[in-house]
Each structure stands twice: as structure tokens, then as C-alpha cells.
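To start, the structure itself, in C-alpha cells.
2 protein chains.
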Amino acid sequence: MEKAMFCKGCWIQWHGVIPIRGPLSMPFRLFGIKPSQMNPNICNLCETQFTKVKHAKQITYPATIMFADIHGYTSYTEIMNLPSVARLLNGFYKNCGYAVWERDGVIFKLMGDAMLGVFNFPITREDHVKQAVMSGLELQRKCLNMKASLEKPEECPMDLGIGVGIHTGNIAVGEIGEFCRDFTVIGDVVNLAARLQGVAKQGEIVITEDVYREVKDDFPKANTQIYELKGIKNSIKAYVLHP
Amino acid sequence: MEKAMFCKGCWIQWHGVIPIRGPLSMPFRLFGIKPSQMNPNICNLCETQFTKVKHAKQITYPATIMFADIHGYTSYTEIMNLPSVARLLNGFYKNCGYAVWERDGVIFKLMGDAMLGVFNFPITREDHVKQAVMSGLELQRKCLNMKASLEKPEECPMDLGIGVGIHTGNIAVGEIGEFCRDFTVIGDVVNLAARLQGVAKQGEIVITEDVYREVKDDFPKANTQIYELKGIKNSIKAYVLHP
Numbered sequence: 540m541e542k543a544m545f546c547k548g549c550w551i552q553w554h555g556v557i558p559i560r561g562p563l564s565m566p567f568r569l570f571g572i573k574p575s576q577m578n579p580n581i582c583n584l585c586e587t588q589f590t591k592v593k594h595a596k597q598i599t600y601p602a603t604i605m606f607a608d609i610h611g612y613t614s615y616t617e618i619m620n621l622p623s624v625a626r627l628l629n630g631f632y633k634n635c636g637y638a639v640w641e642r643d644g645v646i647f648k649l650m651g652d653a654m655l656g657v658f659n660f661p662i663t664r665e666d667h668v669k670q671a672v673m674s675g676l677e678l679q680r681k682c683l684n685m686k687a688s689l690e691k692p693e694e695c696p697m698d699l700g701i702g703v704g705i706h707t708g709n710i711a712v713g714e715i716g717e718f719c720r721d722f723t724v725i726g727d728v729v730n731l732a733a734r735l736q737g738v739a740k741q742g743e744i745v746i747t748e749d750v751y752r753e754v755k756d757d758f759p760k761a762n763t764q765i766y767e768l769k770g771i772k773n774s775i776k777a778y779v780l781h782p
Numbered sequence: 540m541e542k543a544m545f546c547k548g549c550w551i552q553w554h555g556v557i558p559i560r561g562p563l564s565m566p567f568r569l570f571g572i573k574p575s576q577m578n579p580n581i582c583n584l585c586e587t588q589f590t591k592v593k594h595a596k597q598i599t600y601p602a603t604i605m606f607a608d609i610h611g612y613t614s615y616t617e618i619m620n621l622p623s624v625a626r627l628l629n630g631f632y633k634n635c636g637y638a639v640w641e642r643d644g645v646i647f648k649l650m651g652d653a654m655l656g657v658f659n660f661p662i663t664r665e666d667h668v669k670q671a672v673m674s675g676l677e678l679q680r681k682c683l684n685m686k687a688s689l690e691k692p693e694e695c696p697m698d699l700g701i702g703v704g705i706h707t708g709n710i711a712v713g714e715i716g717e718f719c720r721d722f723t724v725i726g727d728v729v730n731l732a733a734r735l736q737g738v739a740k741q742g743e744i745v746i747t748e749d750v751y752r753e754v755k756d757d758f759p760k761a762n763t764q765i766y767e768l769k770g771i772k773n774s775i776k777a778y779v780l781h782p
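See the structure below:
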């Protein structure tokens, strides 16, 4: 993956030219400005500064949310030792990085085998919904041979793979909490994406109608399915894509 | 909560005296050393430095893991607007901070309505299992009136409360990933605690036998229950505590 020399987020937000690589970035490093861990093409200030630019602690924002997790992870940790678990996650996080960053998304959270990716923040793109779907497909492709990529696949009795859920709409992004803080994204859009990931079978990308509308020309034959989801009142019609 | 003037973690790890509050902390601030967001009584370097002290990327470590989440959160986000959701989380994160930090634990992760707390790292305590249970009880007590503490409780049609799961044993703590990194805790101990939180009913603290052994004198009449948990082969005998 080719990495940006200047922060893509600062450029889009306020047309700022902030060097994050190469000799020009040196003086900025002294002030603690460096590539973000959420996406190496933006700077660490840009993540949080964005909310300050908008003069609010949290801002409401249209974005696409992608959740992914490893199927069979809990069983895997029961059988395998801790270094093997670390290696499995290592590979998964690497795949997440490639798939999300290539499409200008950020990895907002990693929590064990679960990943939360956000598209359209802070790098805005009109086609963020499509980018998220492409990212989900790419992540599925990279994880198809998850078991084979282990050091000793013969020692792993269960199948390994991932499930992906995607939804789009208005989210709130920013710092939540005063006494105990977290920089995060919240809203029903985030929760629905998480619930869809929860029902996505191994190898599936489950997307809402709002997402499908933006990519239907690319996937005219996607299967539809009706889901009853915990905490969500109405049944949800979703589309299932495969890599 | 009284806040420490010197980093408790550095003192315990290498008997280092690192000022994190007051005039003495000023020169340290210039080098970016400040109170950690995971626990305001330790410094931000101490979190990660710990793994370097041990000369390893990840270290295996005995610890107690606590997961908590809000019951009814997904429904709440469906009905309420984004600022209301932010306020609800604000209150929850504050309660988590008080409950975990008072007992020398750290808040390792927040992901929406889910919290992952770790006890015995980097502030080590022989009684970390008991501290975690006390912290879980305190968190439950603080969250009992979650709905009443809302600005307009009459607008919220559903009940709100939390579930807590606790397990103890060896975990791996450190940086996972090279290309895309995360400072985290992993292992079957972490996953079992998460699964128990998943089955804990509102108001319950579900703890494993390993945890109960350390606190049985304080709770001689705890109810036992057998759980079948996703991804976990054997059924799990656990104890249910109430605040």
C-alpha cells in the first residue's frame, strides 16, 4: 500500500498541508504530530481536531459503518496457546488495515476479534458507501484462507473465517464522557451494523437496504434476507454479498 | 475520588517516582507524560512501557477481567436522538471510571455500551480478584437507577440497567499487530468473561468458580447456575451475585 506524504484528513477538512512522512515531517514530529494508528494516511491530530474545528464535542455526520469479527475465535482461544492467538489476531488486524485504509476508511476500534471501521471520516468521499462495501469484500477475500495461513493449520481443528455487517446513515462522532473519556462513534446506525455482523455467516457481508441502494448496479443478483435482531423493533430486510 | 500525585504503576513496576499532578509534574508534561485515560492514577507511558520493561511485545500475566454492558442500549438508540445517547454513555462511562479506578483497575476498552476492565495490571494487587468483584458490585449499584438519572426519564419507554461478567486467570497483554496495531488483552480468560457478561441478566454479576473461590467468605449464599456458552465446549458453572 502506498502511504501518503501529507495528511489526507487535514487537506480535506481545512486545506492544511501537514507532512506526515519524509524529511519535511521532522519538525512536526517534535510537536507530536505523526501518522494516525486509525489510518496511516491521516495525522493523529486530525482525528480529534476535527471535532474542535466544528466547535462541538460531538458532531452528527453521515458515514458508513463496517463491523467484522472472526468466526470460531472463542473456540480457537480455548484450544490454542496465547502466542497462537496473538498470531491469528496479528494476521486479521493486518488484513483489516489493508482493506480499510486502501478505501480511505479508518479503523475506529479493535476489541479482540472484532473490528469497527468508519468511512467518510475524517477523509470524506462521496462514494463512501461503495468504498465500505468494496472494503468488506476485500477483507472477506483476504480472510478466506485464514486457517491455511496459520503456522500449523493441522493443529487447528475448527474452521476459521469472518462475518461482516455494513450500514450507513447519520452517526455522532467525538469524545464521549468527561470524567472517563472515549473517542468514539455512536448511534442506531452503529448498532444496526453491529447486529448485522452478529448474524452474518462465515464468508458473508450483510448490508442494509440503504447500503444496497448505492451498490445495486454492481451486485444486481444479491440475495435478500429478513432478520429479527435483538433490541431492534422491526424486522430488517438485508442483502447478503459474497466475495 | 482522590487522585494520586505520583504514578502508581511506575512505582509498583520499577519503584520509579513519576509526578503526574501538581507543580512537580510540569517538566514531565513537556515530554508528554501525563495521567493515563485508562486510569488517572497511572501515567500514559506506564501502560505500554510495562511490556518493554519485560523485554517482550506481549507478556503472559495473571489478571482479573470484567466486562459490563448496558441492557436495552440498542433499543434506546433506536428511539432516542444522538445527544440523548451520548448523555446515557457519559453517565455509564463515569460510573465505570469510579468503580474501576477506585479498585486500582484500568479501563482497557470502551466500545459503545461495552466496557472491558482489567485488574492487576499495571497496578498489581494480591487481592485483584476480590477488587474486581467489589468493583462490579459498585458499578451495579451506581447503575441501578440508570433510567431515573436520565434528563427526561418519562421519555424512555424501556428499562435500563447493566450486566457484568468476571473471570480470572492468565492473559496476554501487549501490542498485537505490526502493520495495524492495538494495545490489548487476549486469551480464553478474556473471552469467557465476555460470554458471561453476555448471559448476565440486568442487575447480575456472573462470576466463574475461579473468581468465587476468592470471595466465597463474603458471599456464602451466592446462587450457582450452569451456562452453555457459544464457542465454549464444556458447560460452565458460574455464581450469580447481586448488588
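The listed protein sequences correspond, in order, to chains A and B. Just remember that the working numbering sits 539 ahead of the position in the first sequence, which is counted from 1. Just remember that the working numbering sits 539 ahead of the position in the second sequence, which is counted from 1. The C-beta atom is built at its ideal place from N, Cα and C for all residues, glycine as well.
Exposed or buried, what is N580 (chain A) when buried is set at 16 or more other beta-carbons lying within 10 Å of its beta-carbon?
Against the first sequence, residue 580 (chain A) aligns to sequence position 41. Counting Cβ neighbours within 10 Å, N580 (chain A) comes out buried, since at least 16 surround it.
Burial state of E743 (chain A), where buried means 16 or more other Cβ atoms lie within 10 Å:
By 1-based counting over the first sequence, the position of residue 743 (chain A) is 204. When all chains shown are included, E743 (chain A) counts as buried.
What does DSSP give as the partner residue(s) for N580 (chain B) in the beta ladder?
Residue numbering aside, residue 580 (chain B) sits at position 41 when the second sequence is read from its first letter. Beta-bridge pairing links N580 (chain B) to no other residue.
Which residues of chain B have a Cβ atom closer than 9 Å to the Cβ of A687 (chain A), listed in chain order?
One-based indexing of the first sequence puts residue 687 (chain A) at position 148. The premise fails here: A687 (chain A) is roughly 19 Å from chain B at the closest Cβ pair, so nothing lies under 9 Å.
Give the list of continuous alpha helix (DSSP H) stretches no shorter than 4 residues that lie fully inside the region 625–687 of chain B.
667–682
Distance check for Y751 (chain B) and K760 (chain B), CA to CA, integer angstroms please.
Position 221 of the second sequence, counting from 1, holds the residue named residue 760 (chain B). Position 212 of the second sequence, counting from 1, holds the residue named residue 751 (chain B). The straight-line gap from Cα to Cα measures roughly 11 Å.
Looking at the structure shown, is E586 (chain B) part of a helix, part of a strand, or coil, going by DSSP?
Here the question's residue 586 (chain B) lines up with position 47 in the second sequence. The answer is helix: DSSP assigns E586 (chain B) an H, G or I state.
Have a look at P661 (chain A) and E753 (chain B) and give me their C-alpha separation to the nearest angstrom.
Counted from its first residue, the first sequence places residue 661 (chain A) at position 122. Counted from its first residue, the second sequence places residue 753 (chain B) at position 214. The straight-line gap from Cα to Cα measures roughly 47 Å.
Just reading off the alpha helix (DSSP H) that N730 (chain A) is part of, what are its end residues?
Within the first sequence, residue 730 (chain A) is the residue found at index 191, counting from 1. Unbroken alpha helix (DSSP H) run through N730 (chain A): 727–738.
Using a cut-off of 8 Å between C-beta atoms, extract the partners of K648 (chain B) located in chain A.
One-based indexing of the second sequence puts residue 648 (chain B) at position 109. Within 8 Å Cβ-Cβ: K648, M650.
How big is the Cα-Cα spacing for G561 (chain B) and S674 (chain B)?
Here residue 561 (chain B) is taken as the residue at index 22 of the second sequence, counted from 1. Here residue 674 (chain B) is taken as the residue at index 135 of the second sequence, counted from 1. Between G561 (chain B) and S674 (chain B), the C-alpha separation is close to 28 Å.
If you measure from the beta carbon of G636 (chain A) to each beta carbon in chain B, is any gap under 8 Å?
Residue mapping note: residue 636 (chain A) aligns to position 97 of the first sequence, counting from 1. Chain B, which has a Cβ nearer than 8 Å to the Cβ of G636 (chain A), makes this yes.
Check whether the Cβ atoms of L649 (chain B) and D721 (chain A) lie closer than 8 Å to each other.
Numbered from its first residue, the second sequence carries residue 649 (chain B) at position 110. Numbered from its first residue, the first sequence carries residue 721 (chain A) at position 182. Yes. Within cutoff.
As a quick exercise: from B:Q552, B:W553, B:Y612, B:T599, pick the residue whose alpha carbon is nearest that of G770 (chain A).
The residue given as residue 770 (chain A) occupies position 231 in the first sequence. With distances taken between Cα atoms, G770 (chain A) lies closest to B:Y612.
So the alpha helix (DSSP H) G548 (chain A) belongs to, where does it begin and stop?
Sequence index remark: in the first sequence, residue 548 (chain A) carries index 9 (1-based). G548 (chain A) -> alpha helix (DSSP H) spans 547–553.
Just to confirm, is the Cβ distance from I746 (chain A) to V657 (chain A) under 8 Å?
Sequence index remark: in the first sequence, residue 746 (chain A) carries index 207 (1-based). Sequence index remark: in the first sequence, residue 657 (chain A) carries index 118 (1-based). The answer is no: Cβ separation not under 8 Å.
Quick one: what's A777 (chain B) bridged to in DSSP?
What you label residue 777 (chain B) is simply residue 238 of the second sequence in a count that begins at 1. A777 (chain B) is bridged to B:T747, B:Q764.
For Q764 (chain A), tell me which candidate among A:G726, A:D757, A:S774, A:P574 has the shortest Cα-Cα distance.
Sequence index remark: in the first sequence, residue 764 (chain A) carries index 225 (1-based). Among A:G726, A:D757, A:S774, A:P574, the Cα nearest to that of Q764 (chain A) belongs to A:S774.
Spell out the partners DSSP gives Q597 (chain B) in its beta bridges.
Walking along the second sequence from the start, residue 597 (chain B) turns up at place 58. DSSP, once it has assigned bridges, lists B:G713 as partnering Q597 (chain B).
Put M565 (chain B) into one of helix, strand or coil per three-state DSSP.
Within the second sequence, residue 565 (chain B) is the residue found at index 26, counting from 1. Here M565 (chain B) sits in helix by DSSP.
Could you tell me whether the Cβ of F718 (chain A) comes closer than 8 Å to any Cβ of chain B?
Sequence index remark: in the first sequence, residue 718 (chain A) carries index 179 (1-based). With 8 Å as the cut-off, F718 (chain A) counts as an interface residue toward chain B.
Which residues, taken in chain order from the region 595–610 of chain A, show a beta carbon closer than 7 Å to some beta carbon of chain B?
Q597, T599
Measure the beta-carbon distance from C582 (chain A) to K573 (chain A) and round it to whole angstroms, keeping in mind my assumption that it falls under 8 Å.
Indexing the first sequence from 1 puts residue 582 (chain A) at position 43. Indexing the first sequence from 1 puts residue 573 (chain A) at position 34. Indeed they touch by this definition, with Cβ atoms about 7 Å apart.
Nearest to Q679 (chain B) by CA position, among B:T663, B:Y637, B:P696, is which residue?
In the second sequence, the residue the question calls residue 679 (chain B) occupies position 140. The shortest C-alpha separation from Q679 (chain B) is found at B:Y637.
Three or more beta-carbon pairs under 8 Å between the region 701–708 of chain B and the region 599–613 of chain B, yes or no?
yes
Determine, for G571 (chain B), whether the minimum Cβ-Cβ distance to residues of chain A falls below 8 Å.
Residue mapping note: residue 571 (chain B) aligns to position 32 of the second sequence, counting from 1. It does; some Cβ of chain A falls within 8 Å.
Following the continuous alpha helix (DSSP H) through E617 (chain B), name the residue where it begins and the one where it ends.
In the second sequence, the residue the question calls residue 617 (chain B) occupies position 78. Run containing E617 (chain B): 612–618, per the alpha helix (DSSP H) assignment.
Could you say if the region 710–724 of chain B and the region 679–694 of chain B meet the contact criterion of at least three C-beta pairs nearer than 8 Å?
no
CB contact below 8 Å: G764 (chain B) versus chain A:
Counting from 1 along the second sequence, the entry for residue 764 (chain B) is found at position 225. The sequence shown places Gln at residue 764 (chain B), not Gly. Not an interface residue.
Taking the alpha carbon of V624 (chain A) as the reference point, which residue from A:M654, A:I646, A:E690 has its own alpha carbon closest?
The sequence position of residue 624 (chain A) within the first sequence is 85, counting from 1. The residue with the shortest Cα to Cα distance from V624 (chain A) is A:E690.
Under 9 Å between beta-carbons, which chain A residues line up against I551 (chain B)? List them in chain order, please.
Your numbering for residue 551 (chain B) matches position 12 in the second sequence. Here the premise fails: no neighbours, minimum Cβ distance about 22 Å.
If the cut-off is 7 Å on Cβ atoms, which residues from the region 746–761 of chain B count as contacting chain A, listed in chain order?
none
Could you check if R568 (chain B) is buried or exposed, using at least 16 other CB atoms within 10 Å of its CB as the buried criterion?
By one-based count along the second sequence, residue 568 (chain B) stands at place 29. Exposed, because fewer than 16 other Cβ atoms sit within 10 Å of the Cβ of R568 (chain B).
Whose C-alpha, out of B:M540, B:Q552, B:D652, B:N730, is nearest the C-alpha of N730 (chain A)?
Sequence index remark: in the first sequence, residue 730 (chain A) carries index 191 (1-based). Ranking the options by Cα distance to N730 (chain A), first place goes to B:D652.
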